[in-house]
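Input: a single structure, listed below in structure tokens.
Protein chains: 2
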Amino acid sequence: MTRRPDLPLAEEPAPRERADAARNRARVLAAAEKLFAERDPASVTMDDIAKAAGIGRGTLYRRYPDRVSIARALLDEHERALQEKLMRGAPPLGPGEDVGPADRLAAFYAAMIDLLETHVHLLLGAETGSARYSTGAYGFWRLHVRHLAQQAGAADADTLADLLLAPLAPELYRYQRENGTSLERISTGLAELAHGTLGSRA
Amino acid sequence: MTRRPDLPLAEEPAPRERADAARNRARVLAAAEKLFAERDPASVTMDDIAKAAGIGRGTLYRRYPDRVSIARALLDEHERALQEKLMRGAPPLGPGEDVGPADRLAAFYAAMIDLLETHVHLLLGAETGSARYSTGAYGFWRLHVRHLAQQAGAADADTLADLLLAPLAPELYRYQRENGTSLERISTGLAELAHGTLGSRA
DNA sequence: GATAGAAGTGGACAGGACGTCCACTTGTGC
DNA sequence: GCACAAGTGGACGTCCTGTCCACTTCTATC
């Protein structure tokens with residue numbers, strides 16, 4: 041009944057990915073990245089990706105159930121890096137003695153704009169519409185902003201967190217950029233928003 | 041070359057909708073309203089609507105090129121009513137001597153929450169994802185909020201307007217409501233946001 | 001009313017995307 | 001080098017879309 045003591049401690053017996061599988065995974069990610077970048081991500085089909093990667097439909101579906109999961113895989117490391125900085129990085133992005141929640145929110149906004157600017161196409165592929173809220177990443181941003189709102193003494197930090205994350209929707213970002221709004225203007229606007237809502241009021 | 045003077049002044053000669061066409065239009069709208077309400081609007085197909093309305097595909101497509109246009113048609117009168125109130129209604133929704141932009145924005149938020157609560161299903165059908173920004177309605181809300189931001193002396197009212205409208209995204213509203221956040225909490229949060237950003241700062 | 005022609009109708013059709021299934025191939029541990 | 005698990009790829013059935021066009025119904029006119 042008990043686990044065999046000589047097995048490695050990992051819960052899963054570590055199934056080891058086969059060499060051809062690893063090669064194909066890499067091909068898929070590379071092909072998808074390219075396709076997402078050069079076309080409207082919503083129009084990229086699983087077929088397109090399979091063709092571009094030079095593999096069959098079945099192989100693609102074996103690991104990625106849909107386009108969204110591929111975009112998420114591509115996004116993953118970038119989002120983790122930012123999350124790391126939020127938790128343990130230097131202020132104002134990370135926590136610090138003499139930095140208030142409004143400044144940290146503004147810094148977070150700026151960092152997200154950075155992420156958006158570099159990877160809108162992936163974010164549009166991964167977090168379009170309602171899918172956004174079911175992302176692990178969204179949960180993390182939510183926790184972070186809620187925490188800042190609490191620090192600022194907000195009455196309902198939970199609700200406020202979602203409202204404050206809304207302006208970071210990838211669709212909005214694309215819309216604004218395509219309409220000629222510069223990265224800086226968006227960042228400045230968001231900073232205003234941050235200080236207005238979480239700033240120390242008189 | 042000149043227009044015949046005895047014709048009615050309307051630009052289009054008013055082609056008069058045929059009786060059967062009018063009947064079918066009504067059927068379509070009724071059926072669609074019902075379907076949108078009882079299912080996830082994104083999953084309602086043109087076929088579903090045609091079947092529910094008891095008409096053929098071709099007939100449906102004749103007037104409505106896609107699901108979105110049907111949802112918009114259903115939404116239209118409600119949105120117009122609100123627009124009317126914003127322009128000519130009583131303060132704080134409408135313009136007034138002793139009402140500041142922050143209060144008007146809060147009132148607008150509250151009215152939009154009302155609209156969302158009653159018609160999320162239609163808004164999800166009509167303004168999902170990027171389609172939202174190409175709506176005439178969005179343009180109107182945008183103009184209104186920009187105007188308020190200008191009154192409040194915002195540096196970049198244009199950019200701020202989009203940012204302030206983001207929390208009204210139908211997907212977010214559905215997400216919040218489904219997660220148990222009450223209508224009141226959302227309204228209160230938005231009011232905070234309104235006063236924080238457009239309120240008179242010390 | 002009868003009628004001509006415009007307006008409206010509905011279902012068949014082709015195209016494309018999805019997701020599954022399974023006979024075959026390839027890699028890996030023994 | 002063998003056995004078998006893991007991986008592969010393309011064919012298949014289903015669903016949805018949007019168009020097309022032969023047919024029907026309405027309405028303006030006489």
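Line by line, the protein sequences give chains A and B. Adding 40 to a residue's 1-based position in the first sequence gives its number in the working numbering. Adding 40 to a residue's 1-based position in the second sequence gives its number in the working numbering. Glycine residues also receive a C-beta, built at the ideal position from the N, C-alpha and C atoms.
The C-beta separation of A82(B) from T168(B) comes to about 7 Å, placing the pair in contact by the 8 Å criterion. Of the residues assessed, R172(B) falls on the buried side of the cut-off, its CB having 16 or more other CB atoms within 10 angstroms. When C-beta atoms of the stretch 183 to 195 of chain B are compared with those of the stretch 205 to 222 of chain A, fewer than three pairs fall below 8 Å, so the two segments do not count as touching.
Judged by their CB atoms, F148(A) and L162(A) are not nearer to each other than the 8 Å cut-off. In this structure the stretch 89 to 97 of chain A touches the stretch 67 to 74 of chain A; the number of beta carbon pairs closer than 8 Å is three or more. The Cβ atoms of T228(A) and D196(B) lie closer than 8 Å to each other.
Burial check for Y101(A): the Cβ neighbour count within 10 Å stays below 16, so the residue is exposed. Secondary structure note for A197(B): its alpha helix (DSSP H) is the uninterrupted segment 197 to 205. Distance from the CA atom of L203(B) to the CA atom of N219(B), rounded to whole angstroms, is 23 Å.
Taking the Cβ atoms as the reference, R65(B) lies roughly 6 Å from R103(B), within the contact range of under 8 Å. Residue contact check for I226(B) against chain A: a CB pair falls below 8 Å. For R128(B), same chain residues with a beta-carbon under 7 Å away, outside a window of 5 residues either side, are G134 in chain order.
Scanning chain B for C-beta atoms nearer than 9 Å to the C-beta of T168(A) yields G169, S170, reported in chain order. Assigned with DSSP and collapsed to three states, L133(B) falls in coil, not helix or strand. Using a Cβ distance threshold of 8 Å, L238(A) and A189(A) count as a contacting pair. In the structure shown, the three-state DSSP call for R107(B) is helix. With respect to the 8 Å criterion, A177(A) and E119(A) are classified as neighbours on the basis of their beta carbons. Minimum Cα-Cα distance from D80(B) among the listed residues V139(B), Y215(B), S174(B) corresponds to Y215(B).
Apart from sequence neighbours up to five positions away, the residues of its chain that approach R107(A) with a beta-carbon distance below 7 Å are V84, M86, G165, ordered along the chain. The beta-carbon distance between P131(A) and A192(A), rounded to whole angstroms, is 16 Å. This is too long to meet the 8 Å contact definition. Not a single C-beta of chain B is nearer than 8 Å to the C-beta of P141(A). In the DSSP annotation of this structure, the continuous segment of the alpha helix (DSSP H) that includes E78(A) starts and ends at 59 to 78. When Cβ-Cβ separations below 8 Å define contact, Y101(B) makes no contact with chain A. Straight through space, the alpha carbons of D116(A) and R58(A) are spaced by roughly 22 Å. Nearest to M152(A) by C-alpha distance, out of A206(A), S174(A), A194(A), is A206(A).
Within the model, the alpha-carbon separation for T99(A) versus R67(A) is close to 12 Å.
Note on geometry: alpha-carbon atoms of R63(B) and R56(B) lie some 13 Å from one another.
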